[in-house]
Amino acid sequence: MDQNNLKNMLQLLIRKQQEETARQKARDSSQMKEIEKITCLLQSTLPVTQESSSIPLTKMTPQDDPAAFLKTFERVARHHHWPEETWALRLAPLLCGEAQLAYAGLADTDAESYTKVKETILRHFKTASDLYRQEFRSLKMLPGDCPRFVAQRLNDLANLWLKPVEAEKMKLFDKVVLEQFLNILPKETQEWVKMLQPEDLEAAVIYTESFTEDTESVSESTGKLASEPRMGPASSHMAGYVLPSGKVASSIGAAPPRLREQIVSPYHCENTLNTVRAGADGVQMNLLLQLKGKKKINEDHSFIPRKRCRPCENDEQFQKYYNMEEKSRIVITKMHEKLQNLFNNKKNETPFLSELNEKILNLKQKHLYEEMFIGIFGKTGTGKSSLINALLNEKTLLPTSSRKACTSCIIQVQVHENKCLLYKAEIEFISKEEWEEELKELIENCKQDHNEDSSYTEDGQEAESELAKEKIMAVYGKDGLNKSFFELANLKIPDIAKGSKVIFSKTGSELSEKINQYIRSESDDETSRSYWPLVKVVKLHVPKACGLPNQVVLVDIPGTGDSNKDRNKMWKEYISKCNSIWIVTDITRAESDRNALEILNTGLRGIAGGGECQNITYICTKTDEIGIQMGIQSGHKTQEISGHAEPDDDSKLKRETIIQRNIKVKQKINDKCNKIVKKFLFGLEDNSVRNPINVFTVSSKEFWNIKQGKNNVLTDEETELPSLKKHVKELYVNQTKKAVENYVSEVSGIISFLHVPKENAEEKADENEELYIKLNKNLTAEIANLVVFFDSVFRKLQGELTQGVESAEKQCLHIVQKLLKPGRTNLGGYHQTIKALCHNSGSFRSSKGDIIDLNNELASPIYAGVDNTLNSSFQLNQSTRRSIKAALELLQSKFQDDAIFTKKKAGQSYRLVFIKTELRRVLVLLEKKILQNKKIIYNSISQSIQDGMDPVYKEASKEKGRNFMSKIQTMFEDKIKQSKNCMFKEAMKNMLNEFTKLKDEVRETLQQKMDASMKLALAQFPEGVHFPDSTDELEEMKKLCDLLSLNIFN
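Residue numbers (numbering that gives the first Met the number 0): 0 to 1049.
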């Protein structure tokens, strides 16, 4: 806010307060004279009774207005006929705070006069108000002062000075206190906090505290931090701005969503110009952000809507749809502005207008663009991090290594929503209770049981005991291995207490250094602490420089797993919400990568069946690498590729070899994987869907060679990173197109309804009633046909489930025995894997990245029977003959193709257009509900089996010591034998029940929402209600519908 404007507003507030005080004083003076006259007349004739002398009065509070309190006291005194000479003494015990101080300062003789007591109290409050104003303006923040204490003192002084009550006064009050708090901050802190644009005092305090804490942490030596295991992650690596978001959450939990969002993501760089000066310690940043205009405090209600942040503004593919959305928003906002007089007129308050107003407001504020999650799977060392870095044009953002897993937690990366130049990391930690529960397991796994197992595994990789040691050493250092659980649990880890933290940096490499200890399981410094075992997920935001839409979220799924329940749950949640899956593998082993094939054969069940995935992409990395053997296989002589030819010829031969190899690998992967992907995504094995899998052969190394001007073999296009980016954009363009089409349709429907002619608005009620009956009858008939389709799917599922249950009952014992008695001679460390499996309720990702899920294995015979039907029925991206989507489209088509719509009367046509768009809106809503219910239906089988097996999981997780595996085997086999006749039938029953719930919800939603929409559309307008002209708006919407080929007005 401009300083002059703030000053004027403050003066206006003070002037109003003074005028009100003067008026109150005049009224009090007049009343006092009248009271004195009456008292003199009555004093001699009315004795004081015992009853009246003991009347209880409420004690004054600091919030009471002194003049009002004294006036109330006087009325009570007169009512009970108290002599005036006793009023002062009766009043004294009721005073508090400033009033009590004023009374105590009087001489004894003056204290007995009520008139003098009253004058003194009122004068004291007037003087005190001025003193409070002076103290408010003169308060300073001294070095070492607590920001929160200073802010609270300012708030108290302003309250005592201004005493705001009304809502408008409260708004100005808050801004006055915030402005004064910012003014008294130290210069560097002030610049930083102002750059973050706090919207209230609490946000400003949080930013100030965070800046102060981080500055103090840098002053501590690195050696001291390394030697104190209790210090947590506040090390020298943490230089930079760190916001403890746990404090934000606690302070803004009750705030409106918009305010919460702006406090958590406090910087709105597109509206700000601030310079934050960088110190030698690197704590503060030197950022000059582009000025686009100052933000207004009270935004007017202009008909031009505020420009919204767009996912990818500079891309022509998106610009077309963004422009259509913007034009539609302008149309609906203009129309709402025209209707304000109608909606605000109390004479027009009717349910009809209220419902219409709500619909228009919802359209004005509707958020269109949803995030598109891309899950990136791959084994350790396949180059996932390098791939993400290249896509983001950030070479060092995520750590890379070919030796060992660099990222040990889920990392979510996306572009900033606004034009902010900062890099941001949000780190979410597991709870303290969850860590302590895991710590017990880790300590137990560290103990060697020589009679059972060794820490050596067949394939030479570390066992769970080694991973347990690695975690303990990461958090507590080597000394942690020699301490008991109670000793470790008592060591404070600050980050867990906070729950989460936010880190800002000015470069990607700087942010990478700061988050290094939270995401890497491999440290170069044995003395430093690494907190990756405590992290559930890290969310990164980068500036808009890579060209990817900001709503595209890249999710790096770690190639290794562990026994933590929170991370295991988080892993499943991310899989279920991924719209697209990328399977990343090294091209040298692409054709035979066991991990990639395992994801396709087993992982896709959870990805496609129990999730939202509609697209699979196979990415072969490191395509620049080529060996001698590859040169021979490609028909070139070995010496030609090993350096005996000219450099240009050598590069040319290598390039040709790489391209030929890439083509062959793509073809082989397509041949091997297309059939699997078709079945899991679409429930089909025929050729009705062509090439459902996309294959890319990329080279991040060559991509950076080109960017940095180094020697390169491949061209930019041949690295296939531009093609991969284009593929991502195409996926999001399709999602954006659907969202804009639906929005344009809804706006068109409302504008059409508002264009109903006046003569048709007030007359022809009988015709509209008749039309409603016909439409309702037609819709009911079509809904009945839809129910018939659901029933046919139900019967088919029922038959397939019955067969699947029979197979599961026959195979379940063998499945358990196969898991507990694997076909290998060395079971080193395997008992720890089984313990982790039990601890995680039957599901576990090992340190090697292997997925072990006993619940899904037991359910696999049932899933094998129903997968095809479920996947084909719930296919929402393509309208196949057997899908629910096709059944809904058929309902829409038949309902709208009726003669009522084709031979409509001119007066009713605008109402019918609104009904058509409402049906489209309801069907879009139903698609989202169906997708969510699909997850519940699909997962109901494995979840039901997990519930049935849960008692044995809990019991087995407590077992330890000698003969552990034998005991576990016996417990599981006994449980299966006891439960198999009922457990699988219960799972079948649960799936059918969930499917029936979905059918009922679809039917009820269609019937109820469309009934309400048809009643609104065909209602007789209230008497005297006429909508403003909407001809221009209607023409604009018709043009947009034509551009999108939407059959709305035809």
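The beta carbon of each residue, even a glycine, is placed where N, CA and C say it ideally should be.
Is residue 59 helix, strand or coil by DSSP? coil
State the beta-bridge partners of residue 538 as determined by DSSP. 411 and 425
For residue 373, the three-state DSSP class (helix, strand or coil): strand
Our contact map puts residue 692 next to residue 676 with C-beta atoms below 8 Å; I'd like the distance itself, whole angstroms only. 5 Å
Taking the straight line between their C-alpha atoms, what separation do you get for residue 777 and residue 1027? 33 Å
Helix, strand or coil at residue 999 according to DSSP, with G and I counted as helix: helix
Closest to residue 977 by C-alpha separation, out of 1031, 808, 850 and 204, would be which residue? 808
Near residue 949, what residues of its chain come up, given a Cβ to Cβ distance below 7 Å and the 5 sequence neighbours on each side ignored? 840
Contact belief for residue 372 with residue 582 at Cβ below 8 Å, rounded distance in angstroms: Between residue 582 and residue 372 the Cβ distance is about 15 Å, and since that is not below 8 Å, they are no contact.
Under the three-state reduction of DSSP, which class applies to residue 583: helix, strand or coil? strand
Helix, strand or coil: which one does DSSP assign to residue 396? coil
Within the segment 791 to 847, ranges of the alpha helix (DSSP H) (whole runs, at least 4 residues): 829 to 838
If you draw a straight line from the C-alpha of residue 735 to the C-alpha of residue 416, how long is it? 16 Å
Specify, as a first and last residue, the run of the alpha helix (DSSP H) that residue 899 falls within. 898 to 901
Host beta strand (DSSP E) of residue 625 (start-end): No beta strand (DSSP E) contains residue 625, which DSSP labels as neither H nor E.
When we look at the beta-carbon of residue 555 and count the other beta-carbons within 10 Å, is it buried (16 or more) or exposed? buried
Would you call the segment 792 to 807 and the segment 987 to 996 touching, i.e. three or more CB-CB distances under 8 Å? yes
Out of 540, 945 and 835, state which residue places its alpha-carbon closest to the alpha-carbon of residue 1082. Here the chain comprises residues numbered 0 to 1049, so residue 1082 is not present and cannot be evaluated.
Can you give me the C-alpha to C-alpha distance between residue 792 and residue 920, rounded to a whole angstrom? 25 Å
Run of the alpha helix (DSSP H) containing residue 854, from where it starts to where it stops: 853 to 872
Short Cβ contact (9 Å threshold) for residue 474 with residue 530: yes
Helix, strand or coil: how does DSSP classify residue 418 here? coil
Compute the minimum distance between the beta carbon of residue 88 and the heavy atoms of the ligand MG, and state whether it is under 8 Å. This structure lacks the ligand MG; in fact it carries no ligand of any kind.
Since residue 1050 contacts residue 65 with CB under 8 Å, what's their CB separation in whole angstroms? Examination of residue 1050 is not possible in this model, given that the chain is present from 0 through 1049 alone.
Ordered along the chain, which non-local residues of its own chain (more than five positions away) have a Cβ less than 7 Å from that of residue 98? 59, 65 and 120
Let me make sure I understand the geometry here. Which of 156, 484, 927 and 178 has the alpha-carbon closest to that of residue 576? 927
By Cβ distance, which residues of its chain are closer than 6 Å to residue 1049, with the 5 residues on each side in sequence left out? none
Just list the residues that DSSP pairs residue 616 with in beta bridges. 581 and 693
Inspect the CB distances between the segment 539 to 554 and the segment 416 to 428 and report whether three or more fall short of 8 Å. yes
Does the beta carbon of residue 616 come closer than 9 Å to any beta carbon on chain B? The structure shown contains no chain B; it is built from a single protein chain.
What is the DSSP secondary structure of residue 1024, reduced to helix, strand or coil? coil
Tell me, which residues are paired with residue 442 by DSSP? In DSSP, residue 442 forms no bridge with anything.
Cβ-based burial, residue 748 [other Cβ within 10 Å; buried from 16]: buried
Backbone CA spacing between residue 889 and residue 366 [nearest angstrom]: 28 Å
So, with DSSP's three-state summary, where would you put residue 555? strand
Quick check on residue 980: buried or exposed, where buried means 16 or more other Cβ atoms within 10 Å of its Cβ? exposed
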